[in-house]
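Everything in the sequence shown is counted per my numbering, starting at 931 for the first residue and increasing by one. Where a beta carbon is used, it is the ideal one built from N, C-alpha and C, also for glycine. Note that the structure is predicted; figures quoted are calculated from it, not measured.
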Amino acid sequence: MRPLQSLPSLKLKLGIVIVAAVWITAVATIVAVRWLGLPSIVGAGAGIALALGCVQLLARGTTAPLREMAAVATAMARGEHGRQVAVTSNDEVGELARAFNRMTAELAETDRLRRDLVANVSHELRTPIGALQALLENVVDGVSEADPETLRTMLAQTRRLGRLVTQLLDLSRLEAGQQPFDIRPFALRDVLESAAREARLHAPEDVVFSIDAPASLRVDGDPERLYQVVTNLVENAVRYSPRPGHVALHASDRAHTVTLEVDDEGPGIPPDELERVFERFYRGDGRGADGGGAGLGLAIARWIVELHGGTIHAERREPHGSRMVVTLPQARG
């Protein structure tokens, strides 16, 4: 039983409790002295005792969330995350309880991401380090010669380690807001052509690139960072394209924004993975099997785009393939 639970203000509750305590004390004292003939001290004591009992009844549950929050905070200090407190009122204490629950949920999610990050980084580092160790042991034991082919394999694993470390540093700086951006108007088609030109150097010969973007289309942003976004999207499109394949880059202006699309003809992304592909280290079935990615590129791309005030999402193409859609602010003037 919580008589004051529905009241929206803690001040109002305290006011009612104080007025009730004073009124009950006065009435009980008068009744005890005048009607029952008890001494004044005894009457006052009885009135105070009755008032305290009524105060306990009226204030029942008002501070319960505070005690529960203290218990949950103590549990969190021991490493127990995810516990919630019961919200039993609509006043300031109830609002504090709701904010506390949001905080505990965010801390639990942060702790989960931290554990996933440690596990994923350990896994991604173990693979190239294990390959390098095996190759070096074979060379040292005389099982294989340090021929150019072996050295090229070792160099590829070293480069893979370097890419992973660079991506982790980029993601860390972006999340911390420590990555400076050089925001200025620039022609988007130049960035698309540069990204496609670089992709052609490493892509199979039977993968064709096409660019459909007006030369006059300009956006506000950091050309180097947005080039990193486009390069990542194009590399992913090439990786999952069939042979022969076609990777298309489109750009157009829509209502003061610029829309950039990168299309491929691969197997596409399952509907339940369209959002998850932007999570750190997330890779769907068969993704990254070629050793080309660690599942960080799209997470970095999302951070860069969002820091530019834009959005990025994935779509399925029919009858097959996927489309990455980026929206960016159009250059003013």
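Exercise for the section: State the Cα-Cα distance for the pair GLY1218 and GLY1225, rounded to the nearest angstrom. Expected result: In this prediction, GLY1218 scores a pLDDT of 40, lower than 50, which makes its location untrustworthy; no coordinate-derived value is stated.
Practice task
Report all residues from its chain with a CB closer than 8 angstroms to the CB of ARG1246; omit the five preceding and five following residues, and keep chain order.
Solution key: Setting aside the 5 residues that flank it on each side, ARG1246 is surrounded in the same chain by GLY1198, ILE1199, PRO1201, LEU1204, SER1252 and ARG1253, each with a C-beta closer than 8 angstroms to its C-beta; the list follows chain order.
Problem - 7 angstroms Cβ cutoff, LEU1099 in contact with chain D - result: Of the protein chains in this structure there is only one, and it is not chain D.
Exercise for the section: Write down the C-beta distance between ASP1152 and PHE1111 rounded to the nearest angstrom, noting that I regard them as a contact closer than 8 angstroms. Expected result: Contact between ASP1152 and PHE1111 holds: their C-beta atoms lie close to 4 angstroms from each other, under 8 angstroms.
Handout entry: Rounded C-alpha distance that separates ASN1020 from THR1040
Key = C-alpha separation (whole angstroms): 28 angstroms.
Handout entry: C-alpha gap between VAL952 and ILE960, whole angstroms
Key = So the two alpha carbons sit approximately 12 angstroms from each other.
Practice task
Only counting runs of 4 or more residues, tell me where the alpha helix (DSSP H) segments fall wholly within the segment 969–1054, in order along the chain.
Solution key: Within the segment 969–1054, the complete alpha helix (DSSP H) runs of at least 4 residues are 970–988 and 994–1007.
Problem - Residue interval of the alpha helix (DSSP H) (run including SER1102) - result: Per DSSP, SER1102 belongs to the alpha helix (DSSP H) from 1078–1106.
Handout entry: Cβ-Cβ separation, LEU1047 to ARG1210 (assumed contact under 8 angstroms), whole Å
Key = So it is a contact: roughly 7 angstroms between Cβ atoms.
Problem - Unbroken alpha helix (DSSP H) run spanning LEU1147, endpoints - result: Boundaries cannot be given for LEU1147, as no alpha helix (DSSP H) includes it and DSSP labels it neither H nor E.
Handout entry: ASP1100, buried or exposed, once every other Cβ within 10 Å from all chains shown has been counted against 16
Key = ASP1100 is classed as buried because its beta carbon has at least 16 other beta carbons within 10 Å across all chains shown.
Practice task
Ignore the nearest five residues each way along the sequence and tell me which others in SER939's own chain have a CB closer than 8 angstroms to its CB.
Solution key: Counting only residues of its own chain and dropping the five nearest sequence neighbours on each side, SER939 has a CB closer than 8 angstroms to the CB of ASP1021 and GLU1022.
Practice task
Throw me the rounded Cβ distance for the VAL1149 and PRO1259 pair, which I believe falls under 8 angstroms.
Solution key: Contact between VAL1149 and PRO1259 is confirmed by a C-beta separation of about 7 angstroms, below the 8 angstroms threshold.
Practice task
Return helix, strand or coil for VAL1121, following the three-state DSSP convention.
Solution key: The DSSP-derived three-state label of VAL1121 is helix.
Practice task
Name the two residues that bound the continuous alpha helix (DSSP H) containing VAL1235.
Solution key: Taken as a continuous stretch (DSSP letters only), the alpha helix (DSSP H) holding VAL1235 covers 1227–1237.
Exercise for the section: Examine the Cβ distances between the segment 1074–1081 and the segment 1229–1238 and report whether three or more of them are shorter than 8 angstroms. Expected result: Because the criterion of three Cβ pairs below 8 angstroms is not met, the segment 1074–1081 and the segment 1229–1238 do not touch.
Handout entry: Rounded C-alpha distance that separates TRP965 from ALA956
Key = Those two C-alpha atoms are separated by around 13 angstroms.
Problem - For ALA1016 and SER1124, the rounded distance between their alpha carbons - result: Looking at the two C-alpha atoms, the distance is approximately 56 angstroms.
Handout entry: For GLY1175, the first and last residue of its enclosing alpha helix (DSSP H)
Key = Premise fails: GLY1175 lies in the beta strand (DSSP E), 1175–1184, not in any alpha helix (DSSP H).
Handout entry: Residue nearest to ALA1027 in terms of C-alpha spacing, selected from LEU980, THR1257, SER1140 and PRO995
Key = Closest option to ALA1027, judged by alpha-carbon separation, among LEU980, THR1257, SER1140 and PRO995: PRO995.
Problem - LEU1065 in three-state terms, based on DSSP - result: LEU1065 sits in a helix when the DSSP states are folded into three classes.
Problem - Nearest neighbour of VAL947, chosen from CYS984, ILE971, GLY977 and ALA958 [CA to CA] - result: Nearest of CYS984, ILE971, GLY977 and ALA958 to VAL947, Cα basis: CYS984.
Problem - Alpha-carbon spacing of ILE954 relative to THR1034, whole angstroms - result: ILE954 and THR1034 have their C-alpha atoms some 41 angstroms from each other.
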